[in-house]
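Chains as they are written, first to last, in our numbering: chain A, 1 to 385; chain B, 1001 to 1385. Working notes, structure below.
Protein chains: 2
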Amino acid sequence: MTDDEISNNDTEIEGSDVGLVSFQDHSFSEPFAFDLGGSIPSFNVRYETYGELNQDKSNAILVCHALTGDHHVAGRYSEEDRKPGWWNLLVGPGRPLDTNKYFVIGTNCLGGCQGTTGPGSINPATGAPYYLDFPQLTLRDMVRAQYRLVSALGIKKLHAVIGGSMGGMQALLWGIEYPDAVNRIVALACSARQNAQAIAFNEVGRSAILQDPGWENGRYQKGQGPQVGLAVARMMAHITYLSDQSLERKFGRERRNQDANITHDPFGVEFEVESYLRYQGKTFINRFDANSYLYITKANDRFDLSEGRSLEEAFAPMKASALIVGFSSDWLYSPRQNREIALAMLRAGKSASYAEIEMDAGHDSFLLPSTALYRAIRVFMNARN
Amino acid sequence: MTDDEISNNDTEIEGSDVGLVSFQDHSFSEPFAFDLGGSIPSFNVRYETYGELNQDKSNAILVCHALTGDHHVAGRYSEEDRKPGWWNLLVGPGRPLDTNKYFVIGTNCLGGCQGTTGPGSINPATGAPYYLDFPQLTLRDMVRAQYRLVSALGIKKLHAVIGGSMGGMQALLWGIEYPDAVNRIVALACSARQNAQAIAFNEVGRSAILQDPGWENGRYQKGQGPQVGLAVARMMAHITYLSDQSLERKFGRERRNQDANITHDPFGVEFEVESYLRYQGKTFINRFDANSYLYITKANDRFDLSEGRSLEEAFAPMKASALIVGFSSDWLYSPRQNREIALAMLRAGKSASYAEIEMDAGHDSFLLPSTALYRAIRVFMNARN
């Protein structure tokens, strides 16, 4: 095991953007059966690709997103589009996921709300949204839907699966569930099992949503619903993605409003960090569906590779080589939790490396550019297996 | 500075309970002016005392409670009372705050909801509750109200002021604001300034309350109000009082309900930790007032001893000797933040000690018995000044 502890320098960004992109939809007309029971008669997977699939279809890299992420990993939708995909600096010609060499696939997860079928999608049996009739969800279900897409694209074996947070957990599952379909896995800022503290935070968010009168037992109209509860859930979750150091550095005790406002609006925004959090909550409700949030957080909470077995046993089927990455300031999925994954793989006789990246941005560090991280990913992707 | 790092053994509890107690009320018919403007024409302070005040009134120790604590520090209200005061093992004959020697005073803070005047108290000018007409609050206001009580009891100089969390911040303020009125201060698990992360968590809680339709701009009826928002705020805050280790040890991934329930109540309680948190939220709304929660969290967020000066300058007036205690697993007010207080005092030429106690219970460690902690407090209280 390479226990790299590399300090985070100013990041050198190599390579260039993938340019303009668009998403695609793949409709599956065969049913999908869920881990915990229930099925849907058909489903859609939304995805994007960057680079070209080579002739023997051996150069595909699947990118798995985090809790509220999506398939839009890189590039822009138009010349005017100011916000590129969420891992834009990682993917492109000359970048660590080099689109001159690799065919990179981003997909939206099953149960989500950004194109792939989820609780807000139309149930063909009723013509109305599934709402809570959508079957209960696990991360294995999400990975199985990804496998269906990858198979549909004619790819028998992925060059790699890479993801952070929930996406990292999915990468681990790929290694275990489809050992012959993946050569390399990269799991960043994740855990082999959702711990009690992570479940607890998710439960607070769900409580805020479930008790919002706008939730209406999940049967709210599009554009309506438990907006207050969802915003509160997001505000809280957002704190767990950062660190006390990064919050202190970015906001400290900077005041947004002068003391004069205290008498007129005593519980309004007083500090910059309050304004920032409220903004996070407000923008989230415009882009995310509350039911999807409930389903996906539950899927995360149910994730435990060591259920009924040791972690070492869990990794026994894996054939891929693995790079596991922890971030020093991540207190949601701490370095210790990430190191534990690599250690269990090594005990199981697998090829695994662990890198610990020094960054102060907390859990969200994995989304930020880092010379050390990008070098580690580039080297791992290009190494012979 | 004594930088004690003592491991936490099985706690030996010395001494005995104070027995049956009752609270008292002291009504002040003179007005109280608030730091940020506004005043109230009269106010009440609820308090309890244990032990006897000696003839020269030199043996009094003031105990300051945390955010949602109260004046009921020790003892029981009746023989049937199963729940003693919140620091019961610290206070009593032969205990670290030894009531054979000391006269111990617990008070409920200004702005609270457990007997001392707060936003839910009747405004004599209108005959109705103050609601949001209650002036905005600071920790200095709370300490000034405590000082009024102590003076009314004829005490010119306290043997000590002790408190944890918000109570620790109040102990620091006593040292600075009333240098001639206190001989010793003990501040546990606190900070010299509320940092951005702590403000952020409080802001999420306040958002949940303020956006609950039951809040009604603060003018809700007693026993009603923003119960959902308050419960969500408490659930979230409660996680910040614990640690991932203690949650893992207590609950781990223990399931409350069998998987069978998932189909009937998919977002109901599945894990023990969820059940525990929901219980914390539910019991809190029966004992705490939402407006008081808003006022007191805001008072905490406004706390910054270093505002407009260095921390060293802030402690310049202090004459008391100080014991500052951090807890290894406290991530709300981390050991680093507590150590910073003691260091600044030492730089200011004061008598200060710092003890770091190894406990895995997070911020709430200060409420739990610990041989190392209790020994440190006992020695400090009995040492010559």
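A virtual CB, placed ideally from N, CA and C, is assigned to each residue, including glycine.
Buried versus exposed call for residue i [16 or more other C-beta atoms within 10 Å across all chains shown]
{"i": "His1071 (chain B)", "result": "buried"}
{"i": "Ser1029 (chain B)", "result": "exposed"}
{"i": "Ala152 (chain A)", "result": "exposed"}
{"i": "Pro1129 (chain B)", "result": "buried"}
{"i": "Gln337 (chain A)", "result": "buried"}
{"i": "Ile1105 (chain B)", "result": "buried"}
{"i": "Thr1107 (chain B)", "result": "buried"}
{"i": "Gln194 (chain A)", "result": "buried"}
{"i": "Lys1350 (chain B)", "result": "buried"}
{"i": "Asn1009 (chain B)", "result": "Only weak support is given to the placement of Asn1009 (chain B): the predicted model assigns it a pLDDT of 43, under 50, and the question is left unresolved by the model."}
{"i": "Ile357 (chain A)", "result": "buried"}
{"i": "Ser1042 (chain B)", "result": "exposed"}
{"i": "Val1379 (chain B)", "result": "exposed"}
{"i": "Thr1002 (chain B)", "result": "Any answer about Thr1002 (chain B) is weak, because its pLDDT of 31 lies below 50 and its placement is not dependable; what the coordinates show is given next. With fewer than 16 other Cβ atoms within 10 Å, it is exposed."}
{"i": "Pro124 (chain A)", "result": "exposed"}
{"i": "Ser1027 (chain B)", "result": "exposed"}
Proximal residues to residue i (C-beta, below 7 Å), its chain only, five neighbours per side dropped
{"i": "Asp212 (chain A)", "result": "Pro226, Val228 and Gly229"}
{"i": "Ile1199 (chain B)", "result": "Asp1301"}
{"i": "Ala1314 (chain B)", "result": "Ile1176, Leu1305 and Ser1306"}
{"i": "His238 (chain A)", "result": "Leu277 and Gln280"}
{"i": "Arg347 (chain A)", "result": "Glu312"}
Integer-rounded CB distance, given that residue j should sit under 8 Å from residue i
{"i": "Pro335 (chain A)", "j": "Phe327 (chain A)", "result": "7 Å"}
{"i": "Phe1134 (chain B)", "j": "Gly1118 (chain B)", "result": "7 Å"}
{"i": "Tyr178 (chain A)", "j": "Tyr147 (chain A)", "result": "6 Å"}
{"i": "Ala361 (chain A)", "j": "Ser243 (chain A)", "result": "6 Å"}
{"i": "Tyr1241 (chain B)", "j": "His1363 (chain B)", "result": "5 Å"}
{"i": "Leu1294 (chain B)", "j": "Arg1219 (chain B)", "result": "Not really, about 13 Å apart at Cβ, beyond 8 Å."}
{"i": "Phe1267 (chain B)", "j": "Leu210 (chain A)", "result": "6 Å"}
6 Å CB neighbourhood of residue i in its chain, flanking five on each side removed
{"i": "Asn1100 (chain B)", "result": "Pro1093"}
{"i": "Ile40 (chain A)", "result": "Phe32"}
{"i": "Leu36 (chain A)", "result": "Gln136"}
{"i": "Leu1062 (chain B)", "result": "Ile1105, Leu1158 and Val1161"}
{"i": "Leu1090 (chain B)", "result": "Pro1096 and Leu1097"}
{"i": "Ile1006 (chain B)", "result": "For Ile1006 (chain B), the pLDDT reaches just 34, beneath the cut-off of 50, and the residue's location in the model is therefore unreliable, although a value from the coordinates is still provided. Once the five neighbours on either side are set aside, the close Cβ partners of Ile1006 (chain B) are Ala1372."}
{"i": "Leu188 (chain A)", "result": "Gly164, Gly168, Val325 and Phe366"}
Neighbourhood of residue i by C-beta distance below 8 Å, restricted to the same chain and skipping five residues each side
{"i": "Leu1139 (chain B)", "result": "Met1166, Met1169, Gln1170, Leu1173, Ala1299, Asn1300, Arg1302 and Phe1303"}
{"i": "Phe288 (chain A)", "result": "Thr68, Cys113, Leu230 and Arg234"}
{"i": "Ser1310 (chain B)", "result": "Ala1344"}
{"i": "Tyr1077 (chain B)", "result": "Leu1020, Val1021 and Ser1022"}
{"i": "Gln224 (chain A)", "result": "Gly214"}
{"i": "Ser292 (chain A)", "result": "Gly111, Gly112, Cys113, Gly118, Pro119 and Gly120"}
{"i": "Phe1284 (chain B)", "result": "Thr1068, Leu1230, Ala1231 and Arg1234"}
{"i": "Ser1016 (chain B)", "result": "Gly1092, Pro1093, Gly1094 and Arg1095"}
{"i": "Glu1270 (chain B)", "result": "Arg1255, Arg1256, Asn1257, Asn1261 and Ile1262"}
Which of helix, strand or coil DSSP assigns to residue i
{"i": "Phe134 (chain A)", "result": "coil"}
{"i": "Tyr1147 (chain B)", "result": "helix"}
{"i": "Glu312 (chain A)", "result": "helix"}
{"i": "Asn382 (chain A)", "result": "helix"}
{"i": "Phe366 (chain A)", "result": "helix"}
{"i": "His1264 (chain B)", "result": "helix"}
{"i": "Glu1274 (chain B)", "result": "helix"}
{"i": "Tyr293 (chain A)", "result": "helix"}
{"i": "Tyr1220 (chain B)", "result": "coil"}
{"i": "Tyr77 (chain A)", "result": "coil"}
{"i": "Asp1180 (chain B)", "result": "coil"}
{"i": "Thr283 (chain A)", "result": "helix"}
{"i": "Ser7 (chain A)", "result": "Only weak support is given to the placement of Ser7 (chain A): the predicted model assigns it a pLDDT of 34, under 50, and the value that follows is read from those uncertain coordinates. If DSSP states are grouped into helix, strand and coil, Ser7 (chain A) belongs with coil."}
{"i": "Gln24 (chain A)", "result": "strand"}
{"i": "Tyr374 (chain A)", "result": "helix"}
{"i": "Val1018 (chain B)", "result": "coil"}
Cβ-heavy atom distance, residue i to the ligand GTP, below 8 Å
{"i": "His1071 (chain B)", "result": "As presented, the structure is devoid of all ligands, the ligand GTP included, so that no description of it is given."}
Interfacial residues, the region 1199–1211 of chain B to chain A, with Cβ spacing under 8 Å
Ile1199, Ala1200, Phe1201, Glu1203, Val1204, Arg1206, Ser1207, Ala1208, Leu1210 and Gln1211
Closer than 9 Å between beta carbons: that is the criterion. Which residues of the region 278–301 of chain A meet it against chain B?
Arg278, Gly281, Leu294, Tyr295, Lys298 and Asp301
Along the region 119–146 of chain A, where does the CB come closer than 8 Å to a CB of chain B? Name the residues.
Leu132 and Gln136
Residues in the region 215–245 of chain A having any Cβ partner in chain B nearer than 7 Å:
Val228, Val232, Met235, Met236, Ile239 and Asp244
To be precise: take each residue of the region 349–379 of chain A, compare its Cβ to all Cβ atoms of chain B, and keep it if any distance is under 9 Å. Which residues remain?
none
Taking beta-carbon pairs under 9 Å, can you tell me which members of the region 1174–1196 of chain B lie near chain A?
Arg1193, Gln1194, Asn1195 and Ala1196
Residues of the region 1024–1043 of chain B with Cβ closer than 9 Å to any Cβ of chain A, in chain order
Leu1036, Gly1037 and Gly1038
According to a CB-to-CB cut-off of less than 7 Å, which residues of the region 1092–1112 of chain B neighbour chain A?
none
Can you list, in chain order, the residues of the region 1314–1338 of chain B whose Cβ is nearer than 8 Å to any Cβ on chain A?
Trp1331 and Ser1334
Please list the residues of the region 150–164 of chain A that have a C-beta atom closer than 7 Å to any C-beta atom in chain B, keeping them in chain order.
none
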